[in-house]
Amino acid sequence: MARRSKVFGSFAEAVKDIADGSVVGIGGFAGPGTPYNLTKALLEQGAKKLTCVANTTGGAHQPRMPDIGMLVENGQVAKVICSFTAATRPTDTLPFTKYYESGECDAELVPQGTLAERMRAAGAGIPAFYTPTAVGTELAEGRETRVINGREYLLEYALPLDVAFIRAWKADEAGNLVFRLAQRNFCPLMATAATLTIVEVEEPIVPAGTLDPDLIHVPGIFVQRLVKIPPAPEGLWTVRREERTR
Amino acid sequence: MARRSKVFGSFAEAVKDIADGSVVGIGGFAGPGTPYNLTKALLEQGAKKLTCVANTTGGAHQPRMPDIGMLVENGQVAKVICSFTAATRPTDTLPFTKYYESGECDAELVPQGTLAERMRAAGAGIPAFYTPTAVGTELAEGRETRVINGREYLLEYALPLDVAFIRAWKADEAGNLVFRLAQRNFCPLMATAATLTIVEVEEPIVPAGTLDPDLIHVPGIFVQRLVKIPPAPEGLWTVRREERTR
Amino acid sequence: MSGKLGWDRQQMADRIAREFQEGWIVNLGVGIPTMCSNTDIGDREITYHAENGVIGYGPVLPMGQEDLHLVNAGGQNVSLAPGAAIVNHADSFGIIRSGRIDVTVMGAYEVASSGDFANWKVAGAKGGGIGGAMDLAASAKRVFIILEHTQRNGTSRLVRHCALPVTARGVVKLVCTNLGVFEPVGEGFRVRELAPGVDLPAAQAATATPLYA
Amino acid sequence: MSGKLGWDRQQMADRIAREFQEGWIVNLGVGIPTMCSNTDIGDREITYHAENGVIGYGPVLPMGQEDLHLVNAGGQNVSLAPGAAIVNHADSFGIIRSGRIDVTVMGAYEVASSGDFANWKVAGAKGGGIGGAMDLAASAKRVFIILEHTQRNGTSRLVRHCALPVTARGVVKLVCTNLGVFEPVGEGFRVRELAPGVDLPAAQAATATPLYA
């Protein structure tokens with residue numbers, strides 16, 4: 000079996016064919032796993048009317064890295080699906096919030112666990128499921144619920160992606176991925192939910208057969224494209240944030 | 000933080016308090032991951048009116064190892080929930096089949112992926128979900144279906160376990176588990192679905208902090224009891240089966 | 000291996016394996032289908048998926064070379080291919096249900112010209128053996144069936160309507176028997192190829208539904 | 000750290016951490032709650048769970064000692080405890096929804112004596128910030144809230160009914176403010192403890208609903 004390499008030479012090449020109107024999932028949680036380089040390439044590529052799916056639209060902290068808020072500012076986004084469309088503390092403001100308040104960009108606010116499970120469902124061929132989350136809240140108003148064993152649950156639908164951008168620690172040429180610590184977060188779910196998964200990789204990409212099959216977090220069959228992140232400043236890497244008490 | 004060890008000294012001690020009427024999941028698929036030693040201890044412990052959940056009731060191959068069929072023969076089982084209640088080829092006979100045909104033991108036949116997903120759902124707080132599997136078959140007769148995006152799906156409910164028996168390759172005293180190759184199968188799902196997870200472990204159980212946190216297949220919070228498998232003949236280990244062409 | 004007309008078991012597996020296209024993810028079921036991973040597929044890149052979560056395996060290993068922790072869907076000790084990965088049962092069937100299996104190859108008791116097939120329950124039985132067949136049949140992109148063309152008493156396994164409870168409806172794309180390769184086309188089966196020594200009248204005589212050349 | 004009456008932020012976190020019982024799995028939300036993992040909890044075995052899938056972490060690390068791949072729910076670089084394990088977001092929220100979190104500690108804008116609380120949307124806003132709060136509030140065994148007792152203008156955050164959209168209903172078991180520790184008991188709050196320098200009349204004066212001694 001001759002393994003074809005999934006390695007691309009540049010971020011620009013890896014995102015070149017992303018079409019207007021695509022649903023793009025962007026992994027990461029508070030830094031680790033966030034595909035800064037792919038997001039930057041998508042800013043340069045210019046696809047429009049995107050639906051962006053992520054935990055947050057970003058931009059709450061300094062230094063600011065490429066995020067969904069920037070894609071919105073760049074006029075590329077029709078809608079976001081996130082667990083944050085505003086900051087948790089009223090005194091903070093996310094760059095995205097004003098675009099949502101003004102109606103320039105639409106948003107669907109989804110509890111974080113439901114967001115994760117909806118992508119997991121899409122990747123697992125489950126079209127819909129019930130969850131206890133958000134029952135009795137504004138988010139459940141007018142929606143279908145069901146009582147199972149005496150408890151009320153909300154019906155939620157799978158959330159498939161056209162494209163997933165994720166960041167991994169290690170990869171082989173077959174697309175098998177390994178994450179380090181909190182880098183994993185949404186990334187494996189987005190890889191399974193997407194038709195096209197593009198990964199920025201921190202360590203040198205190794206030949207297939209090099210990684211231990213027991214220690215793979217995302218099997219290569221879910222991954223189509225890999226790009227090695229070059230050293231800074233050409234490549235974007237997480238930098239230490241100012242220590243925060245919030 | 001002082002970690003309390005979850006290591007038990009014997010299989011008998013680890014299964015001592017399993018109550019009559021318990022729902023017991025037994026991991027494994029065609030050998031790897033099958034908790035032969037815990038099953039043997041349960042045969043000796045004698046709990047009755049059990050509901051046993053596994054891929055199969057066992058006994059299709061020689062040499063025969065402790066299996067659900069033996070628990071049935073021992074008068075301990077009220078019902079099994081499996082993806083096989085008979086062999087796949089008509090010329091083979093599972094030991095369990097005659098107990099089912101005669102009405103001595105009840106059975107619920109569940110497609111393998113649905114069985115896995117029902118336990119995954121139980122462990123993930125999802126009470127019910129929809130699946131395309133078994134639509135249009137005898138198994139779906141009279142049951143609730145739903146059309147989503149033009150395709151018909153069957154409603155399936157979570158399958159929680161009182162007890163899970165599983166077999167792992169490595170473990171630490173905090174209960175973190177690592178499986179080797181095809182040993183993983185149903186084991187992680189059963190651990191998450193169960194209130195009490197008991198694990199037989201092949202390698203020496205190491206102190207907490209020894210295993211790499213990125214490479215854990217089942218976090219210790221899902222595991223309550225561990226027993227190291229002694230060398231044969233005291234401990235039961237997989238032996239090579241006669242090569243089969245089926 | 001068999002005194003029957005046409006292909007033997009490994010030849011049926013080899014013939015089906017010829018259908019696998021570059022890049023496919025192929026699931027092999029218990030019985031003859033597991034033999035496909037023994038077939039030399041040249042330089043095509045095929046990933047074999049087993050329902051127990053082994054993604055990327057190869058031939059069954061000879062006695063003495065087995066790793067007892069590694070089995071395929073039939074419980075046979077197989078080898079791993081470079082780039083293999085292991086997942087649990089829920090994730091393995093997630094791959095199946097989400098439509099990522101390009102083809103699943105299964106055995107069956109009966110295949111109907113409608114594309115229905117039956118492989119989990121025999122006549123008069125209370126129980127059955129489903130395994131992963133219903134999940135695979137419902138969600139794989141293609142279902143290929145390998146089976147002996149007739150029962151021991153000569154009754155055709157290629158039928159107009161399944162008499163046994165079906166595993167899934169309208170999903171079979173290709174059937175390989177000891178007599179040849181056939182496609183279900185509604186009222187009957189189109190003959191794609193006949194095994195050496197088998198002619199159309201002989202194949203038709205063994206088949207309970209029309210064969211079309 | 001604060002000119003306010005009673006406890007400062009770390010003292011509130013320390014006070015709540017005293018409630019954690021042997022063997023508990025504790026989820027800490029963004030803000031003051033994340034400070035609980037800095038509290039010395041003696042020889043109690045507590046496992047801190049962060050919604051991003053980190054199971055078993057410890058104090059926030061000082062500048063220069065951080066691992067940039069490891070953050071808690073608030074994005075702070077924390078240390079790992081022995082026996083830690085990492086899972087993905089779906090599995091992390093599976094742990095939450097399946098009822099394995101003994102307590103979740105969160106911040107809030109308002110807490111009602113009915114046990115309702117609000118922490119995701121402010122008055123007049125179109126959007127909000129839910130994060131993991133609704134999942135945690137719906138399914139953790141206990142919800143503890145840490146918040147300043149009053150808004151800057153003196154308005155009580157402990158109320159009879161939430162004016163803001165709620166995160167979950169009837170779930171709050173314990174509230175810690177700068178003034179003390181309170182339990183929602185329907186018509187008002189029972190005072191479990193008052194911070195040093197705070198007496199019941201002062202606490203009642205700052206509270207929009209009855210306090211019971």
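Protein chains in written order, with numbering that gives the first Met the number 0: chain A, 0 to 245; chain B, 0 to 245; chain C, 0 to 212; chain D, 0 to 212.
The beta carbon of each residue, even a glycine, is placed where N, CA and C say it ideally should be.
The Cβ neighbour count for P195/D, taken over all protein chains shown within 10 Å, is under 16; the residue is labelled exposed. In its own chain, leaving out the 5 sequence neighbours on each side, no residue places its CB closer than 8 Å to the CB of T136/A. Setting aside the 5 residues that flank it on each side, E44/D is surrounded in the same chain by E21 and G22, each with a C-beta closer than 8 Å to its C-beta; the list follows chain order. The beta carbon of E202/A does not come within 9 Å of any beta carbon belonging to chain C, so the residue lies off that interface. CA-to-CA, the gap between M69/B and M189/B works out to about 21 Å. Per DSSP, the continuous beta strand (DSSP E) segment holding C51/B begins and ends at L49 to V52. Using a Cβ-Cβ cut-off of 9 Å, D90/D counts as an interface residue toward chain B, since at least one Cβ of chain B sits closer than that to its own. Going by C-alpha positions, F128/A is about 16 Å away from P159/B. D90/D carries a helical assignment under DSSP once its states are collapsed to helix, strand and coil. Taking C-beta separations shorter than 7 Å and ignoring five residues to either side along the sequence, the partners of D66/B in its chain run T38, T56, G57 and G58, following chain order.
The beta strand (DSSP E) runs lying completely inside the segment 67-134 of chain A and spanning 3 residues or more are 76-81, 105-108 and 127-130, given in chain order. Between D101/D and G98/C, the alpha-carbon positions lie close to 38 Å from each other. Taking a C-beta distance under 9 Å as the contact criterion, A122/D and I95/D do not qualify as a contact pair. By the C-beta density criterion, N54/A is buried, having at least 16 other C-beta atoms within 10 angstroms. Considering only T176/C, W119/C, N51/C and A111/C, the residue with the shortest C-alpha distance to A29/B is N51/C.
A straight-line Cα-Cα distance of about 22 Å links V226/A and D19/A.
Note on N148/A: under 16 other CB atoms within 10 angstroms of its CB, so exposed under the neighbour-count rule. Within 9 Å of the CB of Q61/A, no CB atom of chain D is found; the nearest one sits about 12 Å away.
Between the C-alpha atoms of E201/B and A40/B there is a straight-line separation of about 17 Å. For S138/D, the enclosing alpha helix (DSSP H) has its first and last residue at A132 to S138.
Only those residues of the segment 134-163 of chain A whose C-beta falls short of 8 Å from the nearest C-beta of chain D are listed: V134, G135, T136, E137 and L138. For the segment 74-90 of chain C, the set of positions with a beta-carbon nearer than 9 Å to some beta-carbon of chain A reads L79, A80, P81, G82, A83, A84, I85, V86, A89 and D90 in chain order.
Counting along the chain, the unbroken alpha helix (DSSP H) around K39/B starts and ends at Y35 to Q44. Residues of the segment 45-57 of chain C with a C-beta less than 8 Å from any C-beta of chain B: A49, E50, N51, G52 and V53, listed in chain order.
Rounded to whole angstroms, the Cβ separation of T144/A and Y156/A is 14 Å, and the two are not in contact under 8 Å. Residue contact with chain A for A167/D: present (Cβ-Cβ distance below 9 Å to some residue of chain A). Per DSSP, the beta-bridge partners of K169/B are V177/B.
Listed along the chain, the chain D residues whose CB falls inside 7 Å of the CB of E116/A are A89 and F92.
The DSSP-derived three-state label of M105/D is strand. It is roughly 42 Å from the alpha-carbon of L180/A to the alpha-carbon of A167/C.
Residue W119/C holds the alpha-carbon nearest to the alpha-carbon of P164/C among E18/C, W119/C and P81/C. Unbroken alpha helix (DSSP H) runs of no fewer than 4 residues, entirely contained in the segment 176-244 of chain A, are found at 186-192, following chain order. When DSSP states are grouped into helix, strand and coil, R14/D belongs to the helix group. With 16 or more other CB atoms across the displayed protein chains lying within 10 angstroms of its CB, N87/C is buried. With respect to chain D, the C-beta atom of N175/B has a partner C-beta closer than 9 Å. For a Cβ distance threshold of 8 Å, residue set L67, V70 and G74 of chain D lies close to G30/A, ordered along the chain.
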